[in-house]
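What follows is a set of notes on a single structure, which appears directly below.
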Amino acid sequence: MAYSVLLADADGTLFDFAAGEKVAISTTFAAFHIPDTEENVSLYHRVNDAQWKKLERGETTQEKLRVDRFRDFLALTGYTADVHQLAAFFPAELGKQRILIDGAETFCREVSRHMPIYLVTNGISSVQRSRFTDCVLTPYLSGLIISEEIGYAKPHPAMLHAAMSAAGISDPRQAVMLGDSITADIAAANNAGVDSILFTNGKTAPEGHPATYTATTLEDAKAIILGA
(Lines of atoms letter the chains of each structure in order from A; the text may use other names.)
(Lines give C-alpha, C1' and ligand atoms only; values in the text may rest on other atoms or scores of the structure.)
Protein backbone atom coordinates (compact mmCIF):
# COMPACT_ATOMS: atom_id res chain seq x y z
CA MET A 7 0.00 0.00 0.00
CA ALA A 8 1.46 3.35 -1.04
CA TYR A 9 -0.15 5.52 1.67
CA SER A 10 -0.62 5.31 5.43
CA VAL A 11 -3.12 8.14 5.96
CA LEU A 12 -5.80 9.92 3.93
CA LEU A 13 -6.25 13.65 4.37
CA ALA A 14 -9.63 14.60 2.96
CA ASP A 15 -11.47 17.83 2.36
CA ALA A 16 -15.10 17.98 3.49
CA ASP A 17 -17.19 20.35 1.36
CA GLY A 18 -17.40 19.42 -2.29
CA THR A 19 -15.48 16.22 -1.61
CA LEU A 20 -17.54 14.25 0.91
CA PHE A 21 -20.40 16.67 1.56
CA ASP A 22 -22.58 17.98 -1.26
CA PHE A 23 -21.98 21.52 -0.08
CA ALA A 24 -23.93 23.15 -2.91
CA ALA A 25 -27.10 21.25 -1.99
CA GLY A 26 -26.70 21.93 1.72
CA GLU A 27 -25.90 25.58 1.21
CA LYS A 28 -28.99 26.00 -0.99
CA VAL A 29 -31.23 24.83 1.83
CA ALA A 30 -29.42 26.93 4.43
CA ILE A 31 -29.42 30.19 2.45
CA SER A 32 -33.10 29.79 1.52
CA THR A 33 -34.00 29.29 5.18
CA THR A 34 -31.88 32.29 6.14
CA PHE A 35 -33.42 34.56 3.53
CA ALA A 36 -36.91 33.56 4.65
CA ALA A 37 -36.10 34.24 8.30
CA PHE A 38 -34.85 37.76 7.48
CA HIS A 39 -37.53 38.56 4.90
CA ILE A 40 -35.10 38.67 2.00
CA PRO A 41 -36.62 37.49 -1.31
CA ASP A 42 -35.33 34.01 -2.11
CA THR A 43 -34.74 34.74 -5.77
CA GLU A 44 -32.18 33.22 -8.12
CA GLU A 45 -30.61 36.66 -8.50
CA ASN A 46 -30.16 37.08 -4.74
CA VAL A 47 -28.77 33.58 -4.30
CA SER A 48 -26.31 34.12 -7.16
CA LEU A 49 -25.19 37.42 -5.68
CA TYR A 50 -24.67 35.83 -2.27
CA HIS A 51 -22.53 33.13 -3.90
CA ARG A 52 -20.37 35.74 -5.62
CA VAL A 53 -19.69 37.78 -2.50
CA ASN A 54 -19.20 34.64 -0.41
CA ASP A 55 -16.74 33.13 -2.90
CA ALA A 56 -14.81 36.40 -2.97
CA GLN A 57 -14.49 36.35 0.81
CA TRP A 58 -13.24 32.74 0.85
CA LYS A 59 -10.64 33.57 -1.79
CA LYS A 60 -9.49 36.42 0.44
CA LEU A 61 -9.15 33.92 3.28
CA GLU A 62 -7.03 31.61 1.12
CA ARG A 63 -4.77 34.58 0.33
CA GLY A 64 -4.46 35.45 4.01
CA GLU A 65 -6.29 38.77 3.54
CA THR A 66 -9.09 38.16 6.05
CA THR A 67 -10.08 35.93 8.95
CA GLN A 68 -12.97 33.53 9.32
CA GLU A 69 -14.48 35.78 12.00
CA LYS A 70 -14.49 38.73 9.59
CA LEU A 71 -15.58 36.58 6.66
CA ARG A 72 -18.77 35.49 8.44
CA VAL A 73 -19.91 39.10 8.80
CA ASP A 74 -18.37 40.72 5.72
CA ARG A 75 -20.04 38.39 3.22
CA PHE A 76 -23.47 39.50 4.47
CA ARG A 77 -22.40 43.13 4.86
CA ASP A 78 -21.33 43.09 1.20
CA PHE A 79 -24.56 41.37 0.17
CA LEU A 80 -26.76 43.90 1.98
CA ALA A 81 -24.76 46.83 0.58
CA LEU A 82 -25.22 45.57 -2.97
CA THR A 83 -28.94 44.79 -2.65
CA GLY A 84 -30.13 47.58 -0.38
CA TYR A 85 -31.96 45.16 1.90
CA THR A 86 -32.06 45.98 5.61
CA ALA A 87 -31.17 43.41 8.25
CA ASP A 88 -28.95 43.04 11.29
CA VAL A 89 -25.74 41.82 9.70
CA HIS A 90 -24.50 40.20 12.90
CA GLN A 91 -27.74 38.26 13.33
CA LEU A 92 -27.49 37.14 9.71
CA ALA A 93 -23.88 36.12 10.28
CA ALA A 94 -24.89 33.98 13.25
CA PHE A 95 -28.08 32.49 11.80
CA PHE A 96 -26.70 31.18 8.52
CA PRO A 97 -23.83 29.04 9.91
CA ALA A 98 -26.27 27.49 12.39
CA GLU A 99 -28.52 26.47 9.50
CA LEU A 100 -25.55 25.26 7.46
CA GLY A 101 -24.45 23.10 10.38
CA LYS A 102 -27.71 21.18 10.12
CA GLN A 103 -26.96 20.09 6.55
CA ARG A 104 -25.50 16.62 6.07
CA ILE A 105 -26.16 15.96 2.38
CA LEU A 106 -23.41 13.67 1.09
CA ILE A 107 -21.69 13.28 -2.25
CA ASP A 108 -22.78 10.02 -3.88
CA GLY A 109 -20.75 7.15 -2.48
CA ALA A 110 -19.19 9.12 0.38
CA GLU A 111 -20.26 6.76 3.15
CA THR A 112 -19.07 3.66 1.29
CA PHE A 113 -15.83 5.42 0.39
CA CYS A 114 -15.05 6.36 4.00
CA ARG A 115 -16.04 2.96 5.35
CA GLU A 116 -13.83 1.07 2.92
CA VAL A 117 -10.80 3.38 3.07
CA SER A 118 -10.93 3.48 6.89
CA ARG A 119 -10.40 -0.29 6.95
CA HIS A 120 -6.92 0.30 5.56
CA MET A 121 -5.80 3.65 7.00
CA PRO A 122 -6.98 6.52 9.21
CA ILE A 123 -8.91 9.35 7.58
CA TYR A 124 -8.38 12.91 8.80
CA LEU A 125 -10.70 15.66 7.57
CA VAL A 126 -8.80 18.85 6.75
CA THR A 127 -11.22 21.71 6.19
CA ASN A 128 -11.27 25.48 5.89
CA GLY A 129 -14.92 25.41 6.97
CA ILE A 130 -16.18 27.35 9.98
CA SER A 131 -15.55 25.39 13.16
CA SER A 132 -19.09 25.56 14.57
CA VAL A 133 -20.53 24.38 11.25
CA GLN A 134 -18.18 21.44 10.85
CA ARG A 135 -18.35 20.35 14.48
CA SER A 136 -22.16 20.44 14.32
CA ARG A 137 -22.23 18.38 11.14
CA PHE A 138 -19.98 15.65 12.46
CA THR A 139 -21.71 15.32 15.82
CA ASP A 140 -24.14 12.74 14.43
CA CYS A 141 -23.02 12.29 10.81
CA VAL A 142 -22.93 8.80 9.25
CA LEU A 143 -19.30 9.49 8.24
CA THR A 144 -18.06 10.16 11.76
CA PRO A 145 -17.42 6.53 12.79
CA TYR A 146 -14.93 6.25 9.93
CA LEU A 147 -12.93 9.38 10.75
CA SER A 148 -9.90 9.52 13.01
CA GLY A 149 -9.83 13.28 13.40
CA LEU A 150 -10.99 16.68 12.20
CA ILE A 151 -8.51 19.47 11.47
CA ILE A 152 -10.25 22.85 11.08
CA SER A 153 -8.51 26.01 9.92
CA GLU A 154 -10.24 28.23 12.46
CA GLU A 155 -8.88 26.06 15.27
CA ILE A 156 -5.39 25.64 13.81
CA GLY A 157 -4.91 29.31 12.99
CA TYR A 158 -4.03 28.68 9.35
CA ALA A 159 -6.17 27.98 6.29
CA LYS A 160 -5.42 25.90 3.22
CA PRO A 161 -3.32 26.37 1.10
CA HIS A 162 -1.03 26.85 4.12
CA PRO A 163 0.66 23.50 4.80
CA ALA A 164 0.22 23.76 8.58
CA MET A 165 -3.19 22.08 8.45
CA LEU A 166 -1.79 19.03 6.66
CA HIS A 167 1.19 18.94 8.99
CA ALA A 168 -1.23 18.94 11.96
CA ALA A 169 -3.19 16.04 10.49
CA MET A 170 -0.04 14.02 9.80
CA SER A 171 1.20 14.71 13.30
CA ALA A 172 -2.10 13.49 14.74
CA ALA A 173 -1.71 10.33 12.66
CA GLY A 174 1.84 9.83 13.93
CA ILE A 175 3.36 10.29 10.47
CA SER A 176 6.39 12.44 9.70
CA ASP A 177 7.10 11.33 6.12
CA PRO A 178 4.82 13.31 3.73
CA ARG A 179 5.17 10.53 1.18
CA GLN A 180 2.95 8.38 3.38
CA ALA A 181 0.04 10.82 3.12
CA VAL A 182 -2.31 11.75 0.29
CA MET A 183 -4.71 14.71 0.13
CA LEU A 184 -8.13 14.37 -1.51
CA GLY A 185 -10.02 17.53 -2.38
CA ASP A 186 -11.98 19.43 -5.00
CA SER A 187 -10.21 22.80 -4.82
CA ILE A 188 -7.02 23.43 -6.78
CA THR A 189 -6.30 26.69 -4.95
CA ALA A 190 -6.91 25.31 -1.45
CA ASP A 191 -6.63 21.50 -1.27
CA ILE A 192 -4.17 20.77 -4.06
CA ALA A 193 -2.04 23.84 -3.31
CA ALA A 194 -1.90 22.86 0.36
CA ALA A 195 -0.77 19.36 -0.57
CA ASN A 196 1.93 20.73 -2.86
CA ASN A 197 3.09 23.13 -0.15
CA ALA A 198 3.34 20.23 2.30
CA GLY A 199 5.09 17.87 -0.11
CA VAL A 200 2.10 15.52 -0.07
CA ASP A 201 0.60 13.68 -3.06
CA SER A 202 -2.83 14.94 -4.06
CA ILE A 203 -5.99 13.76 -5.77
CA LEU A 204 -8.19 16.34 -7.45
CA PHE A 205 -11.81 15.17 -7.09
CA THR A 206 -13.93 16.49 -9.95
CA ASN A 207 -17.28 14.78 -9.21
CA GLY A 208 -17.89 13.86 -12.83
CA LYS A 209 -16.43 16.98 -14.39
CA THR A 210 -13.37 17.22 -16.61
CA ALA A 211 -10.26 18.36 -14.76
CA PRO A 212 -8.76 21.61 -16.04
CA GLU A 213 -5.67 21.24 -18.17
CA GLY A 214 -2.37 21.93 -16.47
CA HIS A 215 -3.69 21.39 -12.95
CA PRO A 216 -0.99 20.70 -10.36
CA ALA A 217 -2.56 17.61 -8.70
CA THR A 218 -0.73 14.29 -8.62
CA TYR A 219 -3.88 12.41 -9.68
CA THR A 220 -7.45 13.12 -10.68
CA ALA A 221 -10.61 11.21 -9.77
CA THR A 222 -14.04 11.80 -11.29
CA THR A 223 -15.76 9.63 -8.66
CA LEU A 224 -14.99 8.61 -5.10
CA GLU A 225 -14.67 5.05 -6.34
CA ASP A 226 -11.85 6.23 -8.62
CA ALA A 227 -10.26 8.01 -5.66
CA LYS A 228 -10.45 4.87 -3.53
CA ALA A 229 -8.63 2.88 -6.21
CA ILE A 230 -5.80 5.44 -6.27
CA ILE A 231 -5.54 5.62 -2.47
CA LEU A 232 -5.52 1.87 -1.96
CA GLY A 233 -3.42 1.13 -5.02
CA ALA A 234 -6.14 -1.08 -6.46
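Note that the sequence shown ends on residue 234 in my numbering; no numbers are left out. Each residue gets a CB set at the ideal place from its N, CA and C atoms; glycine is no exception.
For Y219, no alpha helix (DSSP H) segment is defined; the enclosing uninterrupted segment is the beta strand (DSSP E) at Y219 to A221. Judged by pairs of C-beta atoms under 8 Å, the segment 111–124 does not touch the segment 47–67, as fewer than three such pairs exist.
Within a 10 Å sphere around the beta-carbon of P41 sit fewer than 16 other beta-carbons, which makes this residue exposed. Separation of the CB atoms of C114 and L143 is rounded to 5 Å, and the pair is thereby assigned contact status at 8 Å. Within a 10 Å sphere around the beta-carbon of L224 sit 16 or more other beta-carbons, which makes this residue buried.
Note that the C-beta distance between L147 and V200 is not below 8 Å.
Restricting attention to G208, N207 and V182, the CA atom closest to the CA of L232 is found in V182. The segment 131–141 and the segment 156–170 do not touch, with fewer than three beta-carbon pairs separated by less than 8 Å.
DSSP, read as helix, strand or coil, puts D201 in strand. Spatial neighbours of S131 in its own chain (CB-CB distance under 7 Å, excluding positions within 5 residues in sequence) are listed in chain order as I152, E154 and E155.
Here A229 is exposed: its Cβ has fewer than 16 other Cβ atoms, across all protein chains shown, within 10 Å. Here S202 is actually not in contact with D186; their C-beta atoms are around 11 Å apart, not less than 8 Å. Using a C-beta cut-off of 8 Å, the segment 67–85 makes no contact with the segment 100–109, since fewer than three inter-stretch Cβ pairs fall below that distance.
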